[in-house]
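The next block holds one structure in the form of C-alpha cells; read it before the comments.
Residue numbers (the numbering used here): 1012 to 1401.
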C-alpha cells in the first residue's frame, strides 16, 4: 500500500475505514489513523493484524465502541483482558463474543452480574463444555443459548430436552449434535412447536419418524409428510392417513413409491389427485390414469396440460400400452384414443414405436435366451425409434 500519513487527509471516511480494516496496512498508517474519527478507529479495532502499540492505544480509547470492537475481534494478552474485564458492560459483552478467549476468561464472564454477558458466553461457539454445563443451570435466556450451542455436551442437551420452557426444548430439537435417543424422547413432546422444530432438522432417524407419523396432531403429520427423509414404509402409512390435508401434502413428495402413487391416484379426495400432478417424479402410468380415467374433469384437464409438456423420453421410461383400457363415464376408452383426442401425436408415436420394438425383440429371441441389450433397455430416444419403425 503506497500511502503516506499526509495522503490520509484527502480521503473520505469510507475509504479511511477500508484502509483501517486492511491487514496489509503499514504500521505507520495505522498509527496515523488513531487520530481520526470514532468511525475510523472502530474500523481499525476490527483489524486482526494490529501491532501491540496500536492495541494498547485503542484499549485506552475514550470511545466505548472502539474498545468494544477491540474486545470482540482481537487476540488479547492477559494484561489486555484484565482491563477489559473491568470495563463497561457493553465492552464485556463484546468480549464474551470473542472466540479466542482462554478458559479462565470464559469462566469469569460466565459469572458476570449482567445476564446479557452470560448469554453472549453461552452463544460463543468456542465456549468450553464445562462453562456451558454451568450456564445450563442458569436463567431462561442462558439455557436457551446453551441448548442451541453446537459445543454443548450430549448429557446437557438431554437434560435441557425436558426443560419447562418451550423455546429451550425447541433449541435442543434443532441442535445438530443432539443425540438420537434424546430426539426420540422429544418426538413425544406435548408442544407442537417442539415437534415442528424436530421435523425441520436436516435428517431424522427412522425411530423418530415412526413416532411422528402417528402423532395425534394433524399439523405434525402434515409437516412430516412434506419431508425429504421418509422411507417407503412411512409414505405408505401416510397415504392412508385419516386427514385429507396430510394426504394432499404427501402427494407432492418426490419420495413416493409406485405403490403409493397408485394408492393416492385412487384417493376419494380430489385435491390429493391434484397434488399428484405437482409431483416432480410422477410416473407416466399414474399420469395416464389421471388423464384417462379420473372422475373429475378438472383433474383430467390439469393432467392433459401436464402431459403435453412432458418430453418424449418421459413416455418411454415405462412400458406403456396404447391399447390399455380405462373406464370413464361408464365407457371403455384406450390410452391411444385419449392421446390422439387431446392432440398428443408425438407421445402417441413415441409409445407406438416403443411397443413395436418390444414386440420385435420378443419374437426375435428364441426361448431361454437373453435378449440383446438394445431390447432390454427400452429407454430409446423417441425420434430414433420413430425413424426405425414408422
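Quick reminder that beta carbons are idealized off the backbone N, C-alpha and C, glycines included.
Asked                                                                                                                    : Found
Ranges of the beta strand (DSSP E) found wholly within the segment 1307 to 1375, counting only runs of at least 3        : 1336 to 1339, 1342 to 1345
Beta-carbon spacing of residue 1058, residue 1034 below 8 angstroms                                                      : yes
Simplified DSSP assignment, three categories, for residue 1028                                                           : helix
Contact set for residue 1392: own chain, Cβ-Cβ below 6 angstroms, skip 5 residues either direction                       : Bear in mind that the predicted position of residue 1392 carries a pLDDT of just 46, short of 50, making it too unreliable to give a figure here.
Cβ-based neighbour list, residue 1145, same chain, cut-off 7 angstroms, excluding 5 preceding and 5 following            : 1121
Contact check, residue 1090 vs residue 1131, beta carbons under 8 angstroms                                              : no
Delimiting residues of the alpha helix (DSSP H) encompassing residue 1235                                                : 1229 to 1236
Per-residue burial, residue 1030 [other beta carbons within 10 Å of its own, 16 or more giving buried]                   : buried
Stretch-stretch touch, CB-based, cutoff 8 angstroms, three pairs: the segment 1069 to 1082 with the segment 1099 to 1118 : yes
Residue 1118 (DSSP reduced to helix, strand or coil)                                                                     : helix
With 16 other Cβ atoms within 10 Å as the buried cut-off, status of residue 1308                                         : exposed
Rounded straight-line distance, which links the Cα of residue 1045 to that of residue 1073                               : 12 angstroms
Residue 1272 - DSSP class collapsed to helix/strand/coil                                                                 : helix
Segment limits, alpha helix (DSSP H) that includes residue 1049                                                          : 1049 to 1056
Inter-residue spacing [alpha-carbon to alpha-carbon] between residue 1395 and residue 1300                               : Annotation note: pLDDT 42 at residue 1395 (below 50); position unreliable, coordinate value reported separately. Roughly 27 angstroms between the two C-alpha positions.
Nearest residue (CA-CA) to residue 1289, options 1260, 1274, 1280, 1303                                                  : 1260
Cβ-based neighbour list, residue 1218, same chain, cut-off 6 angstroms, excluding 5 preceding and 5 following            : 1195
Within 8 angstroms, strictly: CB atoms of residue 1179 and residue 1208                                                  : no
Euclidean distance between Cα positions of residue 1258 and residue 1270                                                 : 14 angstroms
Cβ-based neighbour list, residue 1134, same chain, cut-off 6 angstroms, excluding 5 preceding and 5 following            : 1156
Between the CA atoms of residue 1168 and residue 1191 - distance to the nearest angstrom                                 : 11 angstroms
From 1021, 1335, 1015, 1051, residue whose alpha carbon lies closest to that of residue 1037                             : 1015
Rounded straight-line distance, which links the Cα of residue 1126 to that of residue 1056                               : 25 angstroms
Contact set for residue 1198: own chain, Cβ-Cβ below 6 angstroms, skip 5 residues either direction                       : 1219, 1222, 1223
Reduced DSSP category for residue 1149 - H, G, I as helix; E, B as strand; rest coil                                     : coil
Per-residue DSSP class, three states only, for residue 1099                                                              : coil
Those runs of the alpha helix (DSSP H) which lie wholly inside the segment 1180 to 1213 and span at least 4 residues     : 1191 to 1197, 1203 to 1210
Buried versus exposed, by CB contacts within 10 Å (16 or more), residue 1292                                             : exposed
Distance between residue 1250 and residue 1275 (C-alpha atoms, nearest Å)                                                : 7 angstroms
Check whether residue 1349 and residue 1295 have beta carbons under 8 angstroms apart                                    : no
Euclidean distance between Cα positions of residue 1082 and residue 1106                                                 : 5 angstroms
Residue 1262 vs residue 1241 beta-carbon contact at 8 angstroms                                                          : no
Check whether residue 1255 and residue 1272 have beta carbons under 8 angstroms apart                                    : no
8 angstroms Cβ shell around residue 1336 - same chain, five flanking residues per side excluded                          : 1343, 1344, 1345
Residue 1022 versus residue 1061 - alpha carbon distance                                                                 : 21 angstroms
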